[in-house]
Every structure is written in structure tokens, then in C-alpha cells.
């Protein structure tokens, strides 16, 4: 029999350069999470941490779990899992599975990444990110994330010519408009106009600079519990797919999102349009667009309708990325999925000020690893204390 799981507390750091090393960013996120939950480390039974422990980083440390044990002065189980950009969502999925065991009552899901340091330049970051792609064909051709998503965008725009780059620009504009209002966003109070987006330089044709999210430092944590609170985790799914997009029958559909969302809807007893708002994985604008379709909100080829008519705007029927998303808030890789959860919980508790949504009973966090190689869907419901 499935055990009901609730959210007790959340904590996150702003997406920006931080002077502290990874384990201290993790410590700060955990501390904020425990303060939000009004609990101490003595109440925590286990931690699941997602972190990629970059080879080129100056930290020279590949044992994050033990390092956290030292920092937190605890001997509880600490599990590290690296799952590329979907690591945060996967940490939450794993924490939920641990809580189905009688031995655990409170488990922290944590994501942390340190990318913005003097020894970690763009070339080294590209080398690291390339390792998330197929090694024989893609890496040898220099296929990295922007290239992979550009190929998907090109295939989509050819297959569905009614969709244009102007539609992708509207997605970027929406997310930057939301990020402008979010104190945790790297683009907080930094105005980006639609003209700026459309006139930005080509990064990898057809994608422009503002079609791409950016990597940054970050950490976020969520404490899941068996004790009833105001927010319940009503579904949690994780699905994997082939490493390379070219291995899949349809590059314009990421099946891992299709399968993960269907599993989550079934577990929650919901249909796609029962969701009130979504934090969607917009590593690139084309990824957000095809995710509208893969999440079952519209038919294939019709995703542009949702951005054209304002359905996914902050004041629309189904708001997407009220936080600004990866595009404007920033993409701290392993922390991203839990940044999404942080936003959902804050929205449900009415703590988002200028970007506060009007309907926040059910929220979905959609987190992708690589080019659709791993996907998690976590659905939360506001239930009252």
C-alpha cells in the first residue's frame, strides 16, 4: 500500500555566481529548508543529493555524500546520484521511494552545482556537458546541448511550418518577463524585450542566444515527510530513453516526457488540463514548445497555439514557468528540478509577490536530463494543514 508523502519545507539559493564551494552551497540550501520546516538535522533520516562533481572543477572532490556528512555532522544515509539535468527531480523521486520504507519518516532531496568559478571556463564546461551526449557519433562531431536542440528545432520547423522562430521568441519573452519579477532569478529586474530576443545572435541555427538557457551556480532542497502538511506529493515518475535523439523514431517528440507524464497523471488520478500551473524544463525554447505537446496539453504540431493565445502566460489558463524557468532564472543543472519544486511550494503558500498566481491547487514539476534521456514528473497538491 502506498504511503502518503507531504512537503514539510523547501530552501533554495538565488541563481548567480557564489563564492562558496559546492558542499557549502548545499549546506545553505539545507539550512534554509530546515528553517522553513521548523526542524533540525536531528529530525532527518536520510539525504538524497544530486551533483555531477565536475572533473575540471578546482574543488577536486568526488565524494559529495561523505563531504556532506562532515559538513552536517551526521551519520545518516546520504545517497549521491548524478543524472545530468534531471538530477533534482530524480533526487525527489528517490526520496519519495525511501519514504515508502518504514525506516524513514523525513528525507531531504537536494540538488547542488558549482559552475561559475575562475578555473571553469566555457571551453571546459562544454567539454563536461558533451559527456552527456552519445560518445561515438555525437561527441566526435562536437554535438553539445545547443546543437542537439537546434537539430530538433530544425526538424520541428520543417515538419510543422506554421510554427516559426517568432513563436519561440514569445516563449523566451514570457519567461524573461516572469524572471524579471523573481528575486531568485539571474535576470531579476533585468529587462529583456521581445526585440532583444529576436535580434540576438545565432548560437546554433536556428536557435538564437535567447533561445538558450545558461548554466550557473545553485542549490535547492525539499524535505519530504510522512507527517501531514499543507502540500502533498500526489505523483512522482521517472522515465529513461535512448542517449541520442537520432536513435529515436521521432526527433520532434521526446517519449520520456510522454511516458513520465502519463504515469504521473495516472498515479495522481488526473488529466493534463487538471493541472493549475507547471514549472517546465525550458533548457531551450524548442524544448518548452515540444513539451507542451509531450505533456498531453495539445496535439503534436499545435504547441505554438498555447504561447500565441497567452494560455501559458502568468495570467493565462495554464501558467508555465512563473519563476522564469531555466531560461531566465538560470540552470544550475542538478539543482534545477528542486528549484522547480521550490517555486511550486512558494506559489502554493502564496509567497511569490508580484508573480503570485491566482489558482495554485495542483502544480507539476517537469525536469529533463540531457536531450530527453531522462525525465521526471512530480505533481503536488495543496491540501491544507
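Residue numbers (this note's numbering): 10 to 394.
Ideal placement from N, C-alpha and C gives every residue a C-beta, glycine not left out.
Helix, strand or coil: which one does DSSP assign to residue 21?
strand
Paired residues, beta bridge with residue 288 - DSSP
374
If we call anything under 8 Å between Cβ atoms a contact, is residue 46 one with residue 21?
no
Are residue 3 and residue 382 close, meaning C-beta to C-beta below 8 Å?
Missing from the structure shown is residue 3; the chain here goes from 10 to 394 and no further.
Are at least three pairs of beta-carbons, each pair with one atom in the segment 178-194 and one in the segment 291-298, less than 8 Å apart?
yes
Report the option in 177, 36 and 30 whose CA atom is closest to the CA atom of residue 229.
36
Cutting at 6 Å between CB atoms, please list the residues of its own chain near residue 272, excluding the five before and the five after it.
246
Close beta carbons around residue 28, own chain, < 6 Å, minus the five adjacent residues each side:
none
If you follow the alpha helix (DSSP H) that residue 1 is in, where does it begin and where does it stop?
The chain is shown from 10 up to 394; residue 1 falls before or after that span and cannot be answered.
Do you know how far the Cα of residue 308 is from the Cα of residue 74?
43 Å
So residue 88 packs on residue 57, CB below 8 Å; how close in whole Å?
5 Å
Does the segment 314-333 come within contact of the segment 342-355, defined as at least 3 CB pairs closer than 8 Å?
yes
Of the residues 384, 380, 321 and 368, which one's Cα is nearest the Cα of residue 390?
368
Going by DSSP, which residues form a beta bridge with residue 384?
248 and 377
List the whole-angstrom C-beta distance separating residue 222 from residue 123, where the pair is believed to meet the contact cut-off of C-beta under 8 Å.
Not a contact, Cβ separation roughly 17 Å.
Which runs of the alpha helix (DSSP H) spanning at least 4 residues fall entirely within the segment 178-233, listed in chain order?
203-207
Residue 80 to residue 207, Cα distance in whole Å?
46 Å
Compute the beta-carbon to beta-carbon distance between residue 98 and residue 374, rounded to the nearest angstrom, for a pair I have assumed lies under 8 Å.
6 Å
Residue environment, residue 200, which counts as buried when at least 16 other CB atoms sit within 10 Å:
exposed
Helix or strand or just coil, what does DSSP make of residue 348?
helix
Apply the 10 Å Cβ neighbour rule to residue 127 and answer buried if 16 or more other Cβ atoms are within range, or exposed otherwise.
Note that residue 127 scores 47 on pLDDT, short of 50, meaning its location in the model is unreliable; the coordinates nonetheless yield the value given after this. Residue 127 should be labelled exposed.
Report the option in 17, 260 and 323 whose CA atom is closest to the CA atom of residue 191.
323
Can we say the segment 166-181 touches the segment 281-290, given the rule of at least three CB pairs closer than 8 Å?
no
Which value, in whole angstroms, describes the spacing of the CA atoms of residue 194 and residue 78?
29 Å
Ends of the beta strand (DSSP E) at residue 59?
55-59
Looking at C-alpha atoms only, which residue of 290, 393 and 302 is the closest neighbour of residue 359?
393
Among 154, 342 and 14, which has the Cα closest to the Cα of residue 117?
14
Mind checking which residues open and close the beta strand (DSSP E) that includes residue 122?
115-122
Report the three-state DSSP secondary structure of residue 391 (helix, strand or coil).
strand
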